[in-house]
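Participant: By numbering that gives the first Met the number 0, the letter at position 277 of the sequence shown is numbered 276, and the numbering carries on one by one without gaps.
Idealized CB from N, CA, C, for every residue including glycine.
Following this message is one structure expressed as C-alpha cells.
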Amino acid sequence: MTHWYPGRLTRVFSWEKNVNRRPVILVPNRPPSIYVQSPFDVFYKEGETAEIQCVANGVPEPIYRWTKDKVEFNPSGHGNDVVQLPDSGTIIFNRPASDNEGIYQCIAINEHGTSITVNVNFRQALLKSFGFGPDQSIPVKRGHSVKLPCTPETSIPKAELRWVLRDTKSNGRIEAINFNNRITMDLEGNLYITAVRQEDYQDGRTYVCTATNYFMRKSTHAPGFVVQPIGSAGTDDQLPPHYLWATPSEVFGLLGESIRIKCIYGGNPTPEVNWESDTGRIPDNRRTMSQGGQELLISEVTEKDRGQYICYTTSPSGQRMQRNINLIIKSKPYWAPGGEPQDKEASVGSSATFFCKALGDPQPELEWYINGIRLRDSKHHSVKSVRFLKPDDHNITIINLENSDVMVLQCNASNIYGYAFADFYLNVLKEKPQFIKRPVKELKVAETTNVYLTCQTSGKPDPIVTWYKETQQITGGRYQTQTNGDLFISKIVLSDAGNFTCVAENEEGSATYWGILIVRSDLENMADTDAKFTCSGTTDFEEVANLRVYWLKDGKEITTNDQRMTTNVQDNSLTISGTISRDSGLYTCVVTNGLDTETSSAILTVKDKPEPPVDIEVKDCINKKVTLKWTKGAFNNAPIQYFTIQYNTSIEPDNWAFASTANQSDNSMILSLKPGVSYSWRLLATNKIGISDPSKHSGVCTTDTAKPYKNPKNVRGLGDKPNYLVVEWVTISNWRDDRFELLTNDIYVPYNITIKAANEHGDSSAPLIVHTIYSGESKPDSSLRVDGFVVDNTAMEDNSAKFYWNWDMDLNNNLQSGLNGKFRGFKIQYWVKDKKKVTFREDEVLEKDLKSRYGSRKKRSVTELMYTVQDLLPYTYMEAQICVMNTHYVSGPSAIVSFVTARGVPGPVEKLRALVVGSNFVELTWNKPELLNSPIDVITNSYLQGYDVGFQTVAGLDLGKMQEMDPQIVDPRRNTTVLNGLTANQKYRIHMWGRTENGRGEASFVELTTAKTSSMSVPPFSIINVNSTFFNVTWTTIANKKYGTVAFVEYRKDGVADWQQSPQEVSKSWIGIANLQSGTSYEMRLSVTNGGNTASSEIEVVETKGIPAAFSLGANFGWFIGLIISILLIIALAVLIYLMYKRRPEPQKQRPYTAPPRRRANDGYGDDRRYVYDWSVR
0 MTHWYPGRLT RVFSWEKNVN RRPVILVPNR PPSIYVQSPF DVFYKEGETA
50 EIQCVANGVP EPIYRWTKDK VEFNPSGHGN DVVQLPDSGT IIFNRPASDN
100 EGIYQCIAIN EHGTSITVNV NFRQALLKSF GFGPDQSIPV KRGHSVKLPC
150 TPETSIPKAE LRWVLRDTKS NGRIEAINFN NRITMDLEGN LYITAVRQED
200 YQDGRTYVCT ATNYFMRKST HAPGFVVQPI GSAGTDDQLP PHYLWATPSE
250 VFGLLGESIR IKCIYGGNPT PEVNWESDTG RIPDNRRTMS QGGQELLISE
300 VTEKDRGQYI CYTTSPSGQR MQRNINLIIK SKPYWAPGGE PQDKEASVGS
350 SATFFCKALG DPQPELEWYI NGIRLRDSKH HSVKSVRFLK PDDHNITIIN
400 LENSDVMVLQ CNASNIYGYA FADFYLNVLK EKPQFIKRPV KELKVAETTN
450 VYLTCQTSGK PDPIVTWYKE TQQITGGRYQ TQTNGDLFIS KIVLSDAGNF
500 TCVAENEEGS ATYWGILIVR SDLENMADTD AKFTCSGTTD FEEVANLRVY
550 WLKDGKEITT NDQRMTTNVQ DNSLTISGTI SRDSGLYTCV VTNGLDTETS
600 SAILTVKDKP EPPVDIEVKD CINKKVTLKW TKGAFNNAPI QYFTIQYNTS
650 IEPDNWAFAS TANQSDNSMI LSLKPGVSYS WRLLATNKIG ISDPSKHSGV
700 CTTDTAKPYK NPKNVRGLGD KPNYLVVEWV TISNWRDDRF ELLTNDIYVP
750 YNITIKAANE HGDSSAPLIV HTIYSGESKP DSSLRVDGFV VDNTAMEDNS
800 AKFYWNWDMD LNNNLQSGLN GKFRGFKIQY WVKDKKKVTF REDEVLEKDL
850 KSRYGSRKKR SVTELMYTVQ DLLPYTYMEA QICVMNTHYV SGPSAIVSFV
900 TARGVPGPVE KLRALVVGSN FVELTWNKPE LLNSPIDVIT NSYLQGYDVG
950 FQTVAGLDLG KMQEMDPQIV DPRRNTTVLN GLTANQKYRI HMWGRTENGR
1000 GEASFVELTT AKTSSMSVPP FSIINVNSTF FNVTWTTIAN KKYGTVAFVE
1050 YRKDGVADWQ QSPQEVSKSW IGIANLQSGT SYEMRLSVTN GGNTASSEIE
1100 VVETKGIPAA FSLGANFGWF IGLIISILLI IALAVLIYLM YKRRPEPQKQ
1150 RPYTAPPRRR ANDGYGDDRR YVYDWSVR
C-alpha cells in the first residue's frame, strides 16, 4: 500500500507540446479459402430469383471468377439478369431461364493461391401434371384386394407421392388418407386396399394420387378412382393371406441414410405382418415399423444392418407366407478418421504434410489439385521441386518450406454414389507471437473447482507459451499447460489466488499478457449446525423394566449440565444444538439392563473456522524492513490454507490495511516499510470454512523520517470554473490540499503543469511528470450553432427517428472556434409537441460515438453526421433540436424540427378475464389495448384491425403446443368472444393479442381450468329465412355452462324415419340447411354436445315454400315435355294419313270434246267464274 507523508508542496508550471501515437497491427497474408458454397444441385423456379453462393476469405481479399460448363463465365455481361454481390462471389439470377442452366464453378484467387468450389448443377425445377381423364369406377368384391395405380410424371427435384380422398360434390374438398395394415401405399406410389369393405366406397368420394414438389410449392393430381364394393353386408369373402407387393429381393442402402423396405399381403381378415432378421431383434431404437407392421424404416443405416430381412404372415390354419429381402450396404465417400485435410500455417524451414483419405463402397477414387489444377498438370514450382514428396496416393509432404510454397490444395474422393471434397491451403509465415485469446483480466472462481486460464496465440514458428504466477514460473502438479496455451488448474484452493502472466515466444519475438485470479470460499459452514445420534436396544421381556440407555463423550458420561446436549427419552437419541469445534470427539451409546451391557460408538468431527494466530512478535525493525513472527492457532478440523497480514499506522490508527499473505506452513515474514511511520500488525488465518477472528496486534515499529519518494498521482485539470486554471490530484496521506486554483482570466487555454512533493527533508526524489492542463471552460459563443439539423422521414420507425446534421470537424480542436472548451459531442433534445414540460428528454451523442452519414469523411472538414434516437412513442407528433457540448456547458439550440413517428403494434389488451367457463368452452371479455401508448389516441385506435386468440394446455410447469382460435376476431369493436373446442377439466393458458396492419402487439393471458363434463341444455333458437329449398337455424350465443358448445341440426322429411345431420358448428351461432324440396314439410331439431354428452331440442316442423313436386311443372318438366312430344307425333301421323288418302289415284271419265273460248295470242291468264288457269305461251 502506498503512503504519503506531510511536508512542503512545490508546484512548477511549464509549456510543452503533446504527441500521440497508436500501434499498428499487421495482419499476415493468407491464401484464399472458400467457406460458403452451394450444394451440388441448385434449382430455380421460373419467375423467382435464385442464387449460387460463393464466399471466401483471404489476405489480400480474393477476387472471384466463374466458369459455366468449363468455359469462362462473366456475370456482369448479362445486364440485370445476372448480378454478382459486392464483396463476395455469390451470383444472383434475377430472371433465370433455360439458357442459364449448366454446371457452374466458383474460383477465388489472390496472389497466394486459388480456391475452388465443387461443381454446381443449376437447373429448372419441374413438375409435370398428370394426364387428364375421367374418374374410374372400380368394382371389387367385398373381402378382396384392389390396387389403385399411380404413375407420376417427371419432377425435379423428386416429388412426394401421397393419396387423398376428394369430394367431387363439395368443391373438391380433400381429406388425407390414414394408412394402416388394410389401406397402404407401396414404395412406388400405388395404393392397396388389402380387404375391401363397404366403408371404402367413401360416399362416392374418389381416391386420388397427388404428387407434391415442395421446392416449387406445387401439387398435381391424377384422375381419381371410386371403389365400389360388390356384395351385401355379411357376405364378405374369407380369403387366406396372399402376396400383393414387396421390396425387391435385393435392395441397396447407403451408409448413414435411411431406407424403407416393405411387404404387402392381402387377405380377409387382414393379415398381420411380422419381421425378423439375422441382424438382430426388430424393432429396436433405429428400426421401427409402421402401417400395421408392413413397412420397416431403418434410420441412419450402419454396417450392422447388412443382411437378410424376412417379412412374413401366417394364415388362420397356421400356414406361413414370407418374402426374403437382402439388404446390401453401400456408401458415399466419407472421410476416414484423421483423413480430412486441414489448412496449415507453417514457418519457413519447417515441413508440412497433408493427409487425404476417404472410405466408401465402392472404394473412392482420389484426385489431388493444386490451385484448382490437377496435380499431374500443375506447373507450380513447388510441385517440380525435390522438396515436394508424394509417398502414396493419400499423402503430400513438402519439406524445407520456403515463402514461395504458399498454395491452395484440393482433394476430391468420389464413387458412383457421391463425393467428398476438401479445399485447404498451405501458408508459410514468419510472424512474431500475437494473442488470439488473452487471459481474462479478472477471473473469479469458487474453491475446489477446476479452471482454465486462456492464453491462445498465433505466430510462426509456433510460439512456446510459458506461465508465471507472480514472478515464479509454473511447472507441473495441479498446474498443466495445454497444447493450445491455456493453463489448467485442478481443484482450486484459496492460495491459488494471485497474478498470472502468460508469455508467448518464438524466434521472431514475444508477447506478454496477465490476469488476476480471485478464489472465493465454497461457503461451507459446518459449525453452528445440529448433530443427532440415534440408538436403540432390546432385552429379554422380563428385564425391560431395567433397560437403560445413556451416552458417553470421550469415555465420560454426558450430564444434563450442558444445555446444548439433550437426550430424547422416546427414541433415546442424542441431539447437539449449535455444534462448535470442541464438540468433536468419540460418542458412545451404552445400553444395559443391569446384567449385561452393549455399546456402539461414532466419531463426530465439527469443522469450524480456525483460531487466530498467537504470539505476534516484531523482530529487526530497521532500514525500512521488519521481520514478523507468529504461532499458529488451532485449525479446528479444517486445514489452514493461508495467513493474511494486516497493519495499521499512526496516521490512520483505526484502519487496518492489507500487507501480505503467507502460506499455511510459514511462521514468519519480512515486510517492507515506509519512512516516518509507526506500524503495528495483526494476522488472520483462513481455512475452507472461513476466516478466523483477528489476532492480538503486535508491538509498535517506528521508522525514521525521510524525504518523499513519490509525487502526487492522477494530476488532472478541471474546466468547471471560467477564467481559472484548476488542477486536482489524489490526496497525499494526512495532507490538506488536493486542488489548486490560479486566476488566469482566459477561457480554455492550455498550460503545462508539473507537481512534486516536499517535506522538511527535501523535495521528492521521483522524476517530474509534465501534465497539459487547460484553464476553465465557458458556455459556447452564441454564434456557434449546429447547421442542417433534419429528420429522415424515409427511415422513420414506430419507436425511433434518425437525424442528420452538418458539423465542421476542424472546430473540435480549434481553440478559436467559439466552443470555449473541449469538444465533447452533441445533445439532441426532443419532446412531444405541446407537452414539452412533461415529456422533455435528451440524448448525448459523445465524440467517440459520432458516425458519418456517408462513411469516412476523407479530406472534407464539414461532415454530415447522423444519430438515431430510440424509445420514442409510436405515431406521435414530436419536436427536436440539437446543441453542441463541451465538458461542462451546452451551446444554444438549433432550429426546431417536427416529425411524426410511425405506427406500431398495440399494447396488451387490458383486464382480460373469463365471464363463463364451461366444460369445453370459455367466454372471454376484455378492455381495448392502450394502443402504443400514443398521445394521438383517436387516430391510433382507428387502425386496430381486430384481436387474435391462442390457447395451450398447462401441466405443472410444462406448456402444450400453441393452438389458435379459428376464425380470429376481425371486428375491433368486439370486447367479448367464445372460445370453443376445449377439453373438460383441463387447465389452459389463453393468450390474446391486439392486431394492427403491423402485426400482433404484446400478449395478455389468463389461466383457467374448464369445468367437468355434466348434463346440458339446448340454447333457445329460431327458424328464419325459409324459402323453397333452404331455411336457417339461429340460436342464442353459447356462453352458459349448461349449454353445449358444438351445435348441429338434424332434419328429415315428414314421415321419414332416418335423420340427416348438418356439419357441426363451433364458432358461428347459426346453421343453414340447403338443397331441400319445395312445398315439403320437414321435422328438425337443434342438438348440442360438449364432447361427452349430447342434448337435443323438441322437434319443430318447417314447411318450405313453393309447389310440391307432384304438382310443379318444374318438378315434372321431363314428363311434360314427353307428353307434348307424344301429342305432336300423333297429330303429325294423322295429317300424314289424311294427305296420303287425298293423293290416292281416281279413274278418268270420258267427256265430249269442247273447244275452249277463243283468246288473243298474248293473253297469259283467263277467268271463267270458277277457276284460275296458268297458261304457257308456246
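For S599, is the classification buried or exposed, using 16 other Cβ atoms within 10 angstroms of its Cβ as the cut-off for buried?
Facilitator: Numbered from 1 along the sequence shown, position 600 holds the residue referred to as residue 599. Exposed, since its Cβ has fewer than 16 Cβ neighbours within 10 Å.
Participant: Using a Cβ-Cβ cut-off of 8 Å (strictly less than) and excluding sequence neighbours within five positions of F131, which residues of its own chain qualify?
Facilitator: Counted from its first residue, the sequence shown places residue 131 at position 132. Excluding positions up to five away in sequence, the list reads P222.
Participant: Ends of the beta strand (DSSP E) at S276?
Facilitator: Here residue 276 corresponds to residue number 277 of the sequence shown, with the count starting at 1. Unbroken beta strand (DSSP E) run through S276: N273 to S276.
Participant: By a C-beta neighbour count over all protein chains shown, 10 Å radius and 16 as the cutoff for buried, is M884 buried or exposed?
Facilitator: Position 885 of the sequence shown holds residue 884. Buried is the call here.
Participant: Pick helix, strand or coil for R715, following the three-state DSSP scheme.
Facilitator: Residue 715 sits at position 716 when you count from the first residue of the sequence shown. The answer is strand: DSSP assigns R715 an E or B state.
Participant: With a threshold of 7 Å on Cβ separation, who are the neighbours of Q481 within its own chain once the five nearest residues in sequence on each side are excluded?
Facilitator: Taking the sequence shown and counting its residues from 1, one reaches residue 481 at position 482. Hits under 7 Å: F487.
Participant: Taking only beta-carbon atoms, is G292 less than 9 Å away from chain C?
Facilitator: In summary, chain C is missing from the structure at hand, where a single protein chain is found.
Participant: Shortest alpha-carbon distance to K226 belongs to which of S136, K552 and R216?
Facilitator: Along the sequence shown, one-based indexing puts residue 226 at 227. Note that residue 226 is Val in the sequence shown, not Lys. Measuring from the Cα of V226, the nearest candidate turns out to be S136.
Participant: Please state if the CB of F420 and the CB of D342 are separated by a distance shorter than 9 Å.
Facilitator: Taking the first residue of the sequence shown as position 1, residue 342 is located at position 343. Taking the first residue of the sequence shown as position 1, residue 420 is located at position 421. Taking 9 Å as the Cβ cut-off, D342 and F420 do not qualify as a contacting pair.
Participant: Helix, strand or coil, according to DSSP, for L594 in the structure here?
Facilitator: The residue given as residue 594 occupies position 595 in the sequence shown. It is coil, neither helix nor strand.
Participant: Nearest by alpha-carbon distance to T626: which of N666, E597 and D595 is it?
Facilitator: For the purposes of this step, residue 626 is taken as the residue at position 627 of the sequence shown. Per the Cα distances, N666.
Participant: How would you label P361, buried or exposed, when you count the other beta carbons within 10 angstroms and need 16 or more for buried?
Facilitator: Start at 1 with the first residue of the sequence shown, and residue 361 comes out as number 362. Under this definition P361 is an exposed residue.
Participant: Would you please state the rounded distance, in angstroms, between the beta carbons of E506 and P460? I believe it to be under 8 Å.
Facilitator: Start at 1 with the first residue of the sequence shown, and residue 506 comes out as number 507. Start at 1 with the first residue of the sequence shown, and residue 460 comes out as number 461. With a Cβ gap of about 6 Å, E506 and P460 count as contacting.
Participant: Rounded to the nearest angstrom, what separates E1179 and G891 at their Cα positions?
Facilitator: With the chain covering only 0 through 1177, there is no way to say anything about residue 1179.
Participant: From W830 to R738, what distance separates their C-alpha atoms?
Facilitator: Indexing the sequence shown from 1 puts residue 830 at position 831. Indexing the sequence shown from 1 puts residue 738 at position 739. The alpha-carbon atoms of W830 and R738 are separated by roughly 40 Å.
Participant: Going by other Cβ atoms of all chains shown within 10 Å of its Cβ, with 16 needed for buried, is A96 buried or exposed?
Facilitator: Locating residue 96 in the sequence shown gives position 97, counting from the first residue. Exposed, since its Cβ has fewer than 16 Cβ neighbours within 10 Å.
Participant: Is the region 603 to 617 touching the region 679 to 695 in the sense that three or more CB pairs, one from each, lie closer than 8 Å?
Facilitator: Segments in contact, yes.
Participant: Could you check what DSSP says for P30 in three-state terms: helix, strand or coil?
Facilitator: If you number the sequence shown from 1, residue 30 lands on position 31. The answer is strand: DSSP assigns P30 an E or B state.
Participant: Please say whether W274 and C310 have beta carbons closer to each other than 9 Å?
Facilitator: Here residue 310 corresponds to residue number 311 of the sequence shown, with the count starting at 1. Here residue 274 corresponds to residue number 275 of the sequence shown, with the count starting at 1. Yes; because the gap between Cβ atoms is below 9 Å, this pair is in contact.
Participant: Identify the continuous beta strand (DSSP E) that holds T456 and give its terminal residues.
Facilitator: Locating residue 456 in the sequence shown gives position 457, counting from the first residue. Run containing T456: Q455 to K459, per the beta strand (DSSP E) assignment.
Participant: Hey, would you say Q409 sits closer than 9 Å to I106, going by beta carbons?
Facilitator: Taking the sequence shown and counting its residues from 1, one reaches residue 409 at position 410. Taking the sequence shown and counting its residues from 1, one reaches residue 106 at position 107. Taking 9 Å as the Cβ cut-off, Q409 and I106 do not qualify as a contacting pair.
Participant: Within its chain, find whatever has a CB closer than 8 Å to the CB of N974; leave out the 5 residues flanking it on each side and keep chain order.
Facilitator: Within the sequence shown, numbered from 1, the residue matching residue 974 stands at position 975. Here the set comprises T924, W925, N926 and K927.
Participant: Give the straight-line distance between the Cα atoms of Q36 and L254, rounded to the nearest whole angstrom.
Facilitator: Translated into the one-based positions of the sequence shown, residue 36 becomes position 37. Translated into the one-based positions of the sequence shown, residue 254 becomes position 255. Whole-angstrom Cα-Cα distance: 24 Å.
Participant: Have a look at I176, N722 and C620 and flag the residue whose alpha-carbon is nearest the alpha-carbon of L672.
Facilitator: If you number the sequence shown from 1, residue 672 lands on position 673. L672 has its Cα closest to that of C620, out of I176, N722 and C620.
Participant: Looking at the structure shown, is M1139 part of a helix, part of a strand, or coil, going by DSSP?
Facilitator: As a first step, residue 1139 is located in the sequence shown; it is residue number 1140 there, counting from the start. It is helical.
Participant: With which residues is Y308 paired in a DSSP beta bridge?
Facilitator: As a position in the sequence shown, residue 308 is number 309, starting the count at 1. Y308 is bridged to S276 and I324.
Participant: Any chance the region 209 to 217 sits against the region 286 to 303, with 3 or more Cβ pairs inside 8 Å?
Facilitator: The answer is no - the region 286 to 303 does not touch the region 209 to 217, with fewer than three Cβ pairs under 8 Å.
Participant: Measuring alpha carbon to alpha carbon, tell me which residue in C700, S694 and H696 is nearest P674.
Facilitator: On the sequence shown, position 675 is the one that residue 674 refers to. Nearest C-alpha to P674: C700.
Participant: Beta carbon of E110, beta carbon of P156: below 9 Å?
Facilitator: Along the sequence shown, one-based indexing puts residue 110 at 111. Along the sequence shown, one-based indexing puts residue 156 at 157. Against a cut-off of 9 Å, the Cβ pair of P156 and E110 comes out as no contact.
Participant: Could you give the C-beta distance for V769 and T753, rounded to a whole number, given that I count them as a contact under 8 Å?
Facilitator: Here residue 769 refers to the residue found at position 770 of the sequence shown. Here residue 753 refers to the residue found at position 754 of the sequence shown. Between T753 and V769 the Cβ distance is about 6 Å, and since that is below 8 Å, they are a contact.
Participant: Could you say which of T574, F822, K329 and Y646 lies nearest to K778 if we only look at CA atoms?
Facilitator: On the sequence shown, residue 778 is found 779 positions in, with the first residue counted as 1. Ranking T574, F822, K329 and Y646 by Cα distance to K778 puts F822 first.
Participant: Go through its chain and collect everything with a Cβ distance to T604's Cβ below 7 Å, but skip five positions before and after it.
Facilitator: The count along the sequence shown starts at 1 and reaches residue 604 at position 605. Within the same chain, T604 has close Cβ partners S583 and N636.
Participant: Can you check DSSP and say which residues form a bridge with I228?
Facilitator: Taking the sequence shown and counting its residues from 1, one reaches residue 228 at position 229. What sits at residue 228 in the sequence shown is Pro, not Ile. The partner list for P228 (beta bridge, DSSP) reads V139.
Participant: Going along the chain, which residues of its own chain have a beta-carbon closer than 7 Å to the beta-carbon of N267, five neighbours each way excluded?
Facilitator: In the sequence shown, counting from the first residue as 1, residue 267 sits at position 268. Cβ within range, chain order: G142, A194, D235, D236, Q237 and L238.
Participant: Among R322, I173 and R161, which has the Cα closest to the Cα of P240?
Facilitator: The residue you call residue 240 lines up with position 241 of the sequence shown. Here the closest residue by C-alpha is R322.
Participant: Let me know the secondary structure DSSP gives P438 once reduced to three states.
Facilitator: As a first step, residue 438 must be located in the sequence shown, where it is residue number 439. Of the three classes helix, strand and coil, the one that applies to P438 here is coil, per DSSP.
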